[in-house]
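Numbering (the numbering used here), first residue to last: 75 to 153.
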């Protein structure tokens, strides 16, 4: 069971990295360890996606409106 779960997570993270390759910038945040695993997968990819990662941050469970506000605040501060 644990090996299957690990394999599924690895496939999920690969899919996410593939999906965000066309992004200009990445901002990862969330309450669990998955954001750290995704950061590691992006760093391991040694691709152009690696330089797009701007910040990885811990955040509690959030509503959709809180997520939108957090992203807007982040990008208004860096641009």
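Where a beta carbon is used, it is the ideal one built from N, C-alpha and C, also for glycine. Values in this document were obtained by computation on a predicted structure and should not be read as measured data.
Proximity to residue 106 across 136, 148 and 150 peaks at 136, based on C-alpha coordinates. In the DSSP assignment, residue 103 is bridged to 131. Annotation for residue 113: 102, 127 and 130 place their beta carbon closer than 8 Å to its own, counting only its chain and skipping 5 residues before and after. No residue range can be given for residue 97, since it is assigned to no alpha helix (DSSP H) and is classified by DSSP as neither H nor E. When only Cα atoms are considered, residue 75 and residue 84 end up about 14 Å apart.
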